[in-house]
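Letter by letter, the sequence shown follows residues 1 to 327 in the numbering used here.
For every residue, glycine included, the Cβ atom is placed at its ideal position computed from N, Cα and C.
Since the model is a prediction, treat every value here as computed from it, not as a measurement.
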Amino acid sequence: MQIRTLEGIFEGELLNSPSISFITQIQTISKKVNEGDLLISNNLDDIKIAIKNGAYAIVFDSSLIDISIDKEIAWIRVDDIFHATTKLTRFLLSAQELKSYYCDDILFELINVITTNKKNIKLLSGNIIEDFEIIKTITLDDIIIHTDKNYMTSLIPMTKAIDTKENFGIKNLTIHSLFKTSFSYNNYFFDNIRLPYLYINQFLSLIEFIKLNQKINTSIDINLLKNIKYLSPIFIDSYYKAVDFGKSNRFIICNSNNNLLDLEINFLKSQYEFAKIDIIKDYKNDEDLIKIIKKSIFNALYIVGKSRNDMEVILNNAQKEQPALFS
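Structure, rendered in structure tokens:
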């Protein structure tokens with residue numbers, strides 16, 4: 001692609017008169033740069049690596065970059081590197097008839113965790129610099145998905161929402177616990193699966209989405225529901241040591257996704273109304289959090305601002321470093 005064409009797409013400014021007039025590939029990772037490529041980056045170390053690897057052009061927005069380190073290549077400065085990369089991505093995708101969707105956080109998590117084959121499912125992070133590496137290899141058989149409607153429509157204006165319904169007409173519903181449910185849908189009985197009743201609609205939306213998009217060649221593995229990070233309990237014994245699922249009457253739930261806090265807390269209170277539920281939002285650090293947990297009297301503890309993995313590490317480290325706290 002011609003340098004001058006790229007300058008227009010990026011809405012940037014070519015700061016020098018380079019000896020080259022075109023580039024071959026566009027990269028956002030310096031180690032992937034080959035001779036003739038363009039790198040999008042503000043990181044000076046990455047820029048130096050790219051130049052060493054034979055980069056023909058650099059796109060950046062930082063005022064701290066010294067373009068005199070190589071006067072032969074093209075230096076294009078933009079107002080905002082993320083906006084510029086979004087413009088480029090939209091331009092590159094405009095010539096392709098791709099399927100792109102947005103969905104809520106739960107459905108996105110289910111797609112990420114329980115689908116068996118994601119070769120043709122491209123889940124974006126919402127960071128265009130990272131996502132560009134995925135998008136530039138997209139084929140017509142692929143489907144692009146993210147949770148942010150505005151982000152997706154900035155890349156592909158015709159992006160659609162994944163269809164969801166408030167009522168799927170399920171039958172034989174049994175809510176065994178906060179975390180396990182049985183029900184029938186379309187003549188199939190889902191028996192005692194590790195899925196909170198709260199998220200049944202997203203689960204069934206995924207099933208219908210897969211039916212409508214058979215070319216992505218995937219299915220779901222119900223056994224993987226245990227790996228979903230939302231409403232995923234850590235059962236603990238009297239010494240605050242993690243035990244197997246359901247082997248204690250006390251558990252901790254963690255959530256660092258603000259979009260789901262009210263939904264999950266209200267569900268917990270409504271379905272577990274006779275239990276002692278503590279919600280921890282304010283703590284200074286991990287050590288302070290452990291002290292608060294130690295003082296709490298609870299059946300269910302809901303911790304805001306931590307993931308399940310975070311909490312497992314915190315509990316494990318506390319057992320090793322501060323055993324007196326748990327005696």
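- Comparing alpha carbon positions, the residue from 9, 177, 195, 52 closest to residue 70 is 52.
- Your pair residue 198 and residue 91 does not check out as a contact, with CB atoms roughly 41 Å apart and the cut at 8 Å.
- Scanning the segment 183-237 from its first residue to its last, the whole alpha helix (DSSP H) runs of 4-plus residues come out as 200-212.
- For residue 313, the three-state secondary structure derived from DSSP is helix.
- In the DSSP annotation of this structure, the continuous segment of the beta strand (DSSP E) that includes residue 251 starts and ends at 251-255.
- Restricting attention to 61, 101, 147, the CA atom closest to the CA of residue 43 is found in 61.
- Following the DSSP letters along the chain, one finds residue 245 in no beta strand (DSSP E), marked with neither H nor E.
- Here residue 317 is exposed: its Cβ has fewer than 16 other Cβ atoms, across all protein chains shown, within 10 Å.
- Here residue 58 is buried, its C-beta having at least 16 other C-beta atoms within 10 Å.
- It is roughly 19 Å from the alpha-carbon of residue 190 to the alpha-carbon of residue 245.
- Residue 13 is bridged by DSSP to 77.
- Take the alpha-carbon of residue 87 and the one of residue 23: they are about 18 Å apart.
- Three or more beta-carbon pairs separated by less than 8 Å link the segment 160-172 to the segment 197-214, which places the two stretches in contact.
- In this structure, residue 243 keeps its C-beta atom at 8 Å or more from the C-beta atom of residue 253.
- Distances from the CA of residue 37 to each of 3, 278, 218 were compared; the closest alpha carbon is that of 3.
- Under DSSP, residue 27 shares a beta bridge with 39.
- Under the 10 Å beta carbon count, residue 173 is surrounded by fewer than 16 other beta carbons and is classified as exposed.
- Taking a C-beta distance under 8 Å as the contact criterion, residue 162 and residue 205 qualify as a contact pair.
- In the DSSP assignment, the residues bridged to residue 303 are 254, 280.
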